[in-house]
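Take any residue in the sequence shown, count from 1 to its spot, add 64: that is its number in the working numbering. Even glycine gets a Cβ: it sits at the ideal position worked out from N, Cα and C. Working notes, beginning with the structure itself.
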Amino acid sequence: MEEEHSGGVRRRWLVDVARWRPSPTQFQAAAALLPPHHRHAIARFVKEEDRKRALISRLLQYSLVHRVLGIPFHQIDICRTTEGKPYLENGPPAFRNFNFNTSHQGDYVGIASELLCLVGLDIVCISKPQGETTVEFLKNFSSYLTDHEWNCIDRAAGSIEMLTEFYRPSTLMDNSEDYELVLESPRKKHNKRVVDQCYYL
Numbered sequence: 065m066e067e068e069h070s071g072g073v074r075r076r077w078l079v080d081v082a083r084w085r086p087s088p089t090q091f092q093a094a095a096a097l098l099p100p101h102h103r104h105a106i107a108r109f110v111k112e113e114d115r116k117r118a119l120i121s122r123l124l125q126y127s128l129v130h131r132v133l134g135i136p137f138h139q140i141d142i143c144r145t146t147e148g149k150p151y152l153e154n155g156p157p158a159f160r161n162f163n164f165n166t167s168h169q170g171d172y173v174g175i176a177s178e179l180l181c182l183v184g185l186d187i188v189c190i191s192k193p194q195g196e197t198t199v200e201f202l203k204n205f206s207s208y209l210t211d212h213e214w215n216c217i218d219r220a221a222g223s224i225e226m227l228t229e230f231y232r233p234s235t236l237m238d239n240s241e242d243y244e245l246v247l248e249s250p251r252k253k254h255n256k257r258v259v260d261q262c263y264y265l
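Shown next, in the form of structure tokens:
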């Protein structure tokens with residue numbers, strides 16, 4: 065697990081779920097740490113990889129609340145807004161603005177937390193359908209992006225950079241709050257660098 069924090073409650077955790085290959089018994093033991101309603105939600109996923117991501121996401125939420133706020137696991141009550149964003153129902157009054165968000169895609173599940181501002185997190189795999197060039201793929205979206213966004217794409221040095229510029233605006237539009245964006249690039253996987261609040265893997 066990659067971890068970044070600047071003291072207090074601001075945390076950034078990232079887990080490579082591809083490295084975890086639990087047996088059914090190990091999976092059930094990990095799921096047993098969660099309340100029944102979370103276990104039922106995880107079990108509804110059809111694919112094993114989706115169940116694994118859902119389990120890691122929920123375990124990260126409980127682990128974060130426990131480590132940052134010191135609340136015992138069995139006393140943590142995590143609910144979801146109507147939009148699906150998780151939040152702590154029973155947080156201490158001194159941390160009433162504490163919030164966190166999770167995201168997953170591809171091999172990664174992440175969580176970010178803040179005390180004073182709303183936090184958003186998106187993990188995006190930089191990819192395009194097989195059988196198309198990057199330019200052909202991007203032309204499918206010609207009517208959706210602004211001139212400025214297309215100029216940023218045009219100025220990009222290569223295919224991966226063009227796709228990075230393409231995915232950035234859609235992610236930012238999804239997050240009107242403070243955000244973290246994790247982009248998974250095939251050429252830069254496991255080589256983390258920070259650029260404008262974006263983590264490139």
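DSSP state of residue i, grouped into three classes?
{"i": "Arg160", "result": "coil"}
{"i": "Met237", "result": "Low local confidence applies: a pLDDT of 49 at Met237 is under 50, so the model's placement there is unreliable, and no value is given."}
{"i": "Arg83", "result": "helix"}
{"i": "Gly72", "result": "coil"}
For residue i, which residues does DSSP report across the bridge?
{"i": "Gln169", "result": "Tyr172"}
{"i": "Tyr151", "result": "Cys143"}
{"i": "Cys216", "result": "Answer is none; Cys216 lacks a bridge partner."}
Thinking just about the alpha-carbon of each residue, which of the options is nearest to the one in residue i?
{"i": "Ile120", "options": "Ala95, Cys216, Gln194, Val110", "result": "Ala95"}
{"i": "Trp84", "options": "Ala107, His101, Arg117, Gly72", "result": "Arg117"}
{"i": "Val188", "options": "Ile140, His168, Arg108", "result": "His168"}
{"i": "Lys149", "options": "Pro157, Pro156, Ser177", "result": "Ser177"}
{"i": "Val129", "options": "Pro156, Glu112, Glu147", "result": "Pro156"}
{"i": "Val79", "options": "Val173, Ile190, Arg103", "result": "Val173"}
{"i": "His102", "options": "Phe230, Arg122, Gln90", "result": "Arg122"}
{"i": "Ile190", "options": "Ser223, Asn154, Gln139, Asp141", "result": "Ser223"}
{"i": "Glu137", "options": "Asn154, Thr146, Glu147, Arg144", "result": "Per the sequence shown, the amino acid found at residue 137 is Phe instead of Glu. Per the Cα distances, Asn154."}
{"i": "Glu112", "options": "Arg160, Gln139, Phe91", "result": "Phe91"}
{"i": "Phe140", "options": "His104, Thr146, Val110, Pro100", "result": "One detail in the question is off: residue 140 reads as Ile in this sequence, not Phe. Cα-wise, what sits closest to Ile140 is Pro100."}
Would you kindly check if the distance between the Cβ of residue j and the Cβ of residue i is under 8 Å?
{"i": "Tyr126", "j": "Leu98", "result": "yes"}
{"i": "Leu227", "j": "Lys192", "result": "yes"}
{"i": "Glu217", "j": "Phe201", "result": "The sequence shown places Ile at residue 217, rather than the Glu named in the question. Contact: no."}
{"i": "Ala82", "j": "Asp171", "result": "yes"}
{"i": "Leu124", "j": "Trp77", "result": "yes"}
Which term fits residue i, buried or exposed, when burial requires 16 or more other beta carbons within 10 angstroms of its beta carbon?
{"i": "Thr210", "result": "exposed"}
{"i": "Gly72", "result": "exposed"}
{"i": "Phe162", "result": "buried"}
{"i": "Asn215", "result": "exposed"}
{"i": "Phe205", "result": "exposed"}
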